[in-house]
Amino acid sequence: MKPFKNLFAAFLLVIFAFTFTSKAFAADKTVKVENNYAIKSEDKKSNPKMVNETVTVKKNPQKVVVYDLGALDTITALGKEKNVVAIPKSQHGLNMLNKDMKKIYSAKKYQNAGSLFEPDFETIAKLQPDLIVISGRSATSKNIEELKKAAPKAAIVYGSASMDANLITGVKEKAITFGKIFGKEKKAKAYNKELDQSLKKLKTKVNHLKNPSALFVIANSGELLSQSPKGRFGWIFKELGFKAVNEGDKVSTHGSPVSYEYISEKNPQYLFVLDRGATIGQDASADKILQNDVIKDTNAIKNNHVLQVNGKNWYLNTGGIRTTKAMIKEVQSFIDKK
């Protein structure tokens, strides 16, 4: 009887060891990702639903669909473009990418996953991806529900960085997240270190300007939209030390409409301008706006302290580790010339 008990005990030990090893092996093959974002309502009137969840993602997924262009930039920077199988190419999607990114993703092997706002669910169903990276533009309740139906085994991860003054922190966090997913955490940390160094250098330069006042506006088909210092472009105030002349502005999707008289009254020393029309392939209007007589005597215009930023980096591909570094470099070059 005793030999039988010993044999049974040994059998249980083997089963326990196998179970423990299997779980450890499975854990080693997956990554836990925190998903924290807002799902927009279909009518765009109801309050967004907040999502706070932990998603299990297969490590180094081989079939990835990406709807967030900033996330696509980071994934590409990590050298994992070969893992991407589809991106949004509809509605001139490729033209929204930077030149080097467009060169890569124009290849036919990268299928059309729909547009930035509307996924192609049939394509998703055919591809059966391991991972789907969504953005703030595509994060609607309907889209997420349909994506889950089309690819029930796919992990859905929110790829957009913080669309507020905490953008830089959000960019670095997303870089680490994708670094963990693709087994490139060391490379992600190296990129973050470079970003910090570039930011520190620029902040030192801005500090020498002694608390310069600034305003960030979007030019949209002839309309001027003031951007809140707490919004997506607010990092130039929070991180660099520019003093916002519109400190009380509330955050809104595209900004608050303002007049030429408003800019003249605020009289910023520096003016940052993003031409949304030109960025999305419509009529450019920034140059015409900046030539208006009402604002010609403001400090920014008079002293040529106006920077028309690269819209693809600052508006369409926001949140990527390389595009963010390019944004910092753009401001650095602008300040260095003054």
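Numbered by mature numbering (1 follows the signal peptide of the UniProt record, and there is no 0), the letters in the sequence shown go through residues -26 to -1, 1 to 312 in order. Positions of the beta carbon are idealized from the N, C-alpha and C atoms, including for glycine. Only a predicted model underlies this, so the values are computations on that prediction, with no experimental measurement involved.
- For Val59, the number of other beta carbons within 10 angstroms of its own is at least 16, and it is reported as buried.
- Taking the CA atoms as reference points, Gln85 sits about 12 Å from Ile78.
- Using a 10 angstroms sphere on the CB of Asn21, the tally of other CB atoms stays under 16, which defines it as exposed.
- One thing to note: Asn194 has its Cβ within 8 Å of the Cβ of Gly251.
- At the C-beta level, Pro186 and Gln256 stay beyond 8 Å of one another.
- By the Cβ rule, the region 109 to 127 does not count as touching the region 138 to 153, because fewer than three pairs are nearer than 8 Å.
- Pairing Thr28 with Lys6 gives a Cβ-Cβ distance under 8 Å.
- If you draw a straight line from the Cα of Arg111 to the Cα of Ile309, it is about 32 Å long.
- Taken in chain order, the unbroken stretches of alpha helix (DSSP H) that lie wholly in the region 115 to 170 and span 4 residues or more are 115 to 124 and 141 to 155.
- Every unbroken stretch of the alpha helix (DSSP H) spanning 4 or more residues and falling wholly within the region 240 to 305 is given here in chain order: 250 to 253, 260 to 264 and 273 to 276.
- In the DSSP annotation of this structure, the continuous segment of the beta strand (DSSP E) that includes Leu105 starts and ends at Leu105 to Ile108.
- Annotation for Phe207: no alpha helix (DSSP H) segment contains it, and DSSP assigns it neither H nor E.
- Distance check between Glu96 and each of Lys82, Asn117, Val107 and Ala81 places Asn117 closest, using alpha-carbon atoms only.
- In this structure, DSSP gives Asn69 a helical state, which the three-state scheme calls helix.
- DSSP places Lys100 inside the alpha helix (DSSP H), whose first and last residues are Phe95 to Leu101.
- Looking at Ser80, Ile61 and Asn72, the one whose alpha-carbon comes closest to that of Pro93 is Ile61.
- DSSP, reduced to helix, strand and coil, places Glu16 outside both helices and strands of the structure shown, so it counts as coil.
- For Ser238 and Asp271, the gap between their C-alpha atoms comes out near 8 Å.
- DSSP lists no bridge partner for Thr50.
- Beta-bridge partners of Ile61 (DSSP): Asn86.
- Annotated three-state conformation of Thr227 is coil, per DSSP.
- When DSSP states are grouped into helix, strand and coil, Glu197 belongs to the strand group.
- In this structure, Thr30 is the residue among Asn57, Thr30 and Leu169 with its C-alpha nearest to the C-alpha of Ala128.
- When secondary structure is reduced to three states using DSSP, Ala81 falls in the coil class, being assigned neither helix nor strand.
- Using a Cβ distance threshold of 8 Å, Tyr41 and Ser109 count as a contacting pair.
- Taking the CA atoms as reference points, Lys240 sits about 17 Å from Asn278.
- The continuous beta strand (DSSP E) containing Val31 extends over residues Lys23 to Lys32.
- Burial state of Asp170 is exposed, judged by a 10 Å Cβ sphere holding fewer than 16 other Cβ atoms.
- Counted as a single uninterrupted DSSP element, the beta strand (DSSP E) harbouring Val40 occupies residues Val38 to Val40.
- Straight-line spacing of the CA atoms in Ile295 and Tyr289 works out to 14 Å.
- Linking Gly215 to Ile142 through their CA atoms gives a straight-line distance of about 14 Å.
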